[in-house]
Amino acid sequence: MRTWIVNLWDSFRTGFWFFPTLLILLAAVLAFAVPAIDGYLDPSLPDWMKTTGTTARSTLATLASAMFTVAGVVFSVTVVTLSITSSQFGSRLLRNFLQQSITQVTLGSCLAASIYCLLLLWRVDDVNDDWFVPHLAVLLATVLSLFTLCLVVYFIHRIAYSVQSMNVVTDVAADLNSAIQRIFPKKSDTDSQLQQKRKQLAGRFENNGGHSVTATSEGYLQAVNVEQLTSLADSRQLFIHVTRRPGEFLAAGDTVAYYLEDGDSDAEVDEVQQHVSNCFLFGNQRTPRQDVECAIAELTEIAVRALSPGINDPHTAIASIDRLSGSLCQLTQYNLSSALRIDVGDDETLRVLGTTTSLDAVLRAAFDQIRQYGASSVAVSVRLLEALARIAERAETTPDKAAIRRQADLVLEGCDKQEFCQEDLQDVHQRHETVARLCE
Numbered sequence: 165m166r167t168w169i170v171n172l173w174d175s176f177r178t179g180f181w182f183f184p185t186l187l188i189l190l191a192a193v194l195a196f197a198v199p200a201i202d203g204y205l206d207p208s209l210p211d212w213m214k215t216t217g218t219t220a221r222s223t224l225a226t227l228a229s230a231m232f233t234v235a236g237v238v239f240s241v242t243v244v245t246l247s248i249t250s251s252q253f254g255s256r257l258l259r260n261f262l263q264q265s266i267t268q269v270t271l272g273s274c275l276a277a278s279i280y281c282l283l284l285l286w287r288v289d290d291v292n293d294d295w296f297v298p299h300l301a302v303l304l305a306t307v308l309s310l311f312t313l314c315l316v317v318y319f320i321h322r323i324a325y326s327v328q329s330m331n332v333v334t335d336v337a338a339d340l341n342s343a344i345q346r347i348f349p350k351k352s353d354t355d356s357q358l359q360q361k362r363k364q365l366a367g368r369f370e371n372n373g374g375h376s377v378t379a380t381s382e383g384y385l386q387a388v389n390v391e392q393l394t395s396l397a398d399s400r401q402l403f404i405h406v407t408r409r410p411g412e413f414l415a416a417g418d419t420v421a422y423y424l425e426d427g428d429s430d431a432e433v434d435e436v437q438q439h440v441s442n443c444f445l446f447g448n449q450r451t452p453r454q455d456v457e458c459a460i461a462e463l464t465e466i467a468v469r470a471l472s473p474g475i476n477d478p479h480t481a482i483a484s485i486d487r488l489s490g491s492l493c494q495l496t497q498y499n500l501s502s503a504l505r506i507d508v509g510d511d512e513t514l515r516v517l518g519t520t521t522s523l524d525a526v527l528r529a530a531f532d533q534i535r536q537y538g539a540s541s542v543a544v545s546v547r548l549l550e551a552l553a554r555i556a557e558r559a560e561t562t563p564d565k566a567a568i569r570r571q572a573d574l575v576l577e578g579c580d581k582q583e584f585c586q587e588d589l590q591d592v593h594q595r596h597e598t599v600a601r602l603c604e
């Protein structure tokens, strides 16, 4: 349930409609509630809070018109920013801008203030030369408008900050670091015991096969509800092997998991398959909620687009490499034996088995395209080797060091095929020798 709610929240906060809708509804409620409160407090209000009916109507009409105009400006600035972002960094990076709450809150505040003033304007009326003036409500309209203007100033500041390439790289890297901490557990002394249980459970599926569970819809696997899957396995006495990891594209009918019954079970096969299938959430695009390679791909795309002839910005590519290396250094401190964060059940039995991942796979996702598109740039190749050396200093296992050495060899091979001057080639070879020494 929690995974479903988090996934739903992610879809809400990457759209323009959620916060503005909430704020508009709140404004409508206030437009009727505050005048009612005014009726009780009117005699006790100080004179500086009171106004005349004509002044109230003029003020509310002016504020409503001004806030609608400001809302149009905010919307225009947002669309222009999205256009610039899409053309320079790629459309997949729009998610990072859409999920910035300041954009939604500012747009929603402008619309909410306008709606509030319009509805309140309807309440200020002259009946038989007797004006009903909700003094407190008019004062609140003025305060809301001033607050909205302050929000707009901060919104412009955030937009100016957000479109700078270095800040874009930093924000995407922060998403990557959060994904690493969220998806993978820290290395601990109990890892060997858990790994042994994983091998035993994998052997059980190799020997017995199991009932298959297929995808009910087409799209990218965005999340696996591990909590619900573990609870289902405990309650039904099942062993479940998840064969796909978040980020993979699946067609309807593709196998996503297998399950085995632990002893006798009277559960219907179709019923169990339906329950297991409901634990897999699909969507039209990848998200970094459980897919660490999604955030890596965003950083990689920034670097690759920066290296294109149309943009030719190696500094942004180098910044992306630096941030990738920092995140991968952090990744070496985490247990990568499972692409899903799965623990033992209530009876200390491992009942859910996820797909495996490795530093080699992550390195390929991070550096392969940058290495291929940046082979003609000495600066990019040198920074790639420096990044690999930084990661190699923290690598602990032989397979991890072999994966790093493989990437370094590919960088060197690509550079040797280019027509670089001798001094540039010496720089590349020196960095490669450093990586090779650290990987021994």
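In my numbering, the protein residues as written are 165 to 604. Heads up, the beta-carbon is just placed ideally off N, CA and C, and yes, glycines get one too. Since this is a predicted model, take the numbers as computed values, not measurements.
Helix, strand or coil for D584, going by three-state DSSP, please let me know.
-> Checking the sequence, you will find Phe at residue 584 rather than Asp. F584 falls in the coil class under three-state DSSP.
Relative to the C-alpha of G254, which residue among T562, V237 and V333 is closest?
-> Nearest of T562, V237 and V333 to G254, Cα basis: V333.
Stretch pair the region 269–286 + the region 341–349: three plus CB contacts closer than 8 Å | Counting Cβ pairs under 8 Å, fewer than three are found: no touch.
Would you identify the three-state DSSP class for I266, choosing helix, strand or coil?
-> Correct three-state label for I266: helix.
Beta-carbon proximity check, A551 vs S489, cutoff 8 Å | Going by C-beta atoms, A551 is nearer than 8 Å to S489.
For my contact list, T378 and V316 are in at a C-beta cut-off of 8 Å; report their separation, rounded to the angstrom.
-> Not quite, the Cβ-Cβ distance comes to about 50 Å (not below 8 Å), so this is no contact.
Neighbour-count burial assignment, R547, 16 or more Cβ in a 10 Å radius = Buried: at least 16 other Cβ atoms inside 10 Å.
Would you decide whether L549 is buried or exposed? Buried here means 16 or more other CB atoms lie within 10 Å of its CB.
-> Under this definition L549 is a buried residue.
Is it a yes or a no for the region 565–576 touching the region 526–539, going by three-plus beta-carbon pairs under 8 Å?
-> Cβ pair count under 8 Å is three or more, so yes.
Got a sec? Which residues, its chain only, sit under 8 Å from N292 by beta carbon, not counting five neighbours each side?
-> Its pLDDT being 47, under 50, N292 is placed unreliably in this model, and the value from its coordinates should be taken loosely. Only residues of its own chain outside the window of five on either side were considered, and among them none has a CB closer than 8 Å to the CB of N292.
Under the three-state reduction of DSSP, which class applies to V291: helix, strand or coil?
-> Legend: pLDDT at V291 = 49, less than 50; position of this residue unreliable, no value from coordinates given.
To the nearest whole angstrom, what separates the beta carbons of K351 and N476, a pair I think is in contact under 8 Å?
-> Actually they are not in contact, since the Cβ atoms of K351 and N476 sit about 41 Å apart, beyond 8 Å.
Neighbourhood of T598 by C-beta distance below 6 Å, restricted to the same chain and skipping five residues each side | If we look at T598 and ignore the five residues flanking it on each side, its Cβ neighbours are A553.
Leaving out five residues on either side along the sequence, give the residues of the same chain with a beta carbon under 8 Å from the beta carbon of L186.
-> Closer than 8 Å at Cβ, skipping near neighbours: G272.
Determine the DSSP secondary structure at K565, reduced to helix, strand or coil.
-> If DSSP states are grouped into helix, strand and coil, K565 belongs with the helices.
Give me the Cα-Cα distance between T562 and E425, rounded to the nearest whole angstrom.
-> Rounded to the nearest angstrom, the gap between the Cα atoms of T562 and E425 is 37 Å.
Apart from the five residues on each side of it in sequence, which residues of its chain come closer than 6 Å, Cβ to Cβ, to A539?
-> If we look at A539 and ignore the five residues flanking it on each side, its Cβ neighbours are G578.
Quick one: Cα of C603 to Cα of A525, how far?
-> Cα-Cα distance, rounded: 17 Å.
DSSP-derived helix/strand/coil call for E425 | E425 falls in the strand class under three-state DSSP.
Endpoints, beta strand (DSSP E) assigned at G383 | First-last of the beta strand (DSSP E) with G383: G383 to V388.
Looking at Y423 and L402, is the spacing between their C-beta atoms short of 8 Å?
-> Yes; because the gap between Cβ atoms is below 8 Å, this pair is in contact.
What three-state label does DSSP hand V546 in the structure shown?
-> Three-state result, V546: helix.
Among F239, S251 and L284, which residue has its Cα nearest to the Cα of V193?
-> Ranking F239, S251 and L284 by CA distance to the CA of V193 puts L284 first.
Residue range of the beta strand (DSSP E) that includes L445 = Where L445 is concerned, the enclosing beta strand (DSSP E) stretches over F444 to G447.
Per DSSP, cross-strand counterpart(s) of H375 = The secondary-structure analysis by DSSP pairs H375 across a beta bridge with Y423.
Using DSSP with H/G/I as helix, E/B as strand and the rest coil, what is K350?
-> Three-state DSSP puts K350 in a strand.
For V333, which of helix, strand or coil comes out of DSSP?
-> In the structure shown, the three-state DSSP call for V333 is helix.
For L414, count neighbouring C-beta atoms within 10 Å of its own C-beta (all shown protein chains included) and say buried if the count is 16 or more, exposed if not.
-> Looking at its Cβ environment, which holds 16 or more other Cβ atoms inside 10 Å, L414 is buried.
Test: A277 CB closer than 8 Å to a CB of chain B | Within the model displayed, chain B is absent; a lone protein chain is all it includes.
Below 8 Å on the Cβ atoms is my guess for D591 versus V542; work out the distance and round it to an integer in Å.
-> Separation of the CB atoms of D591 and V542 is rounded to 7 Å, and the pair is thereby assigned contact status at 8 Å.
Could you tell me which residues DSSP puts in a beta bridge with H405?
-> The partner list for H405 (beta bridge, DSSP) reads Y422 and L517.
Reduced DSSP secondary structure (H/G/I, E/B, other) of F180 | Here F180 sits in coil by DSSP.
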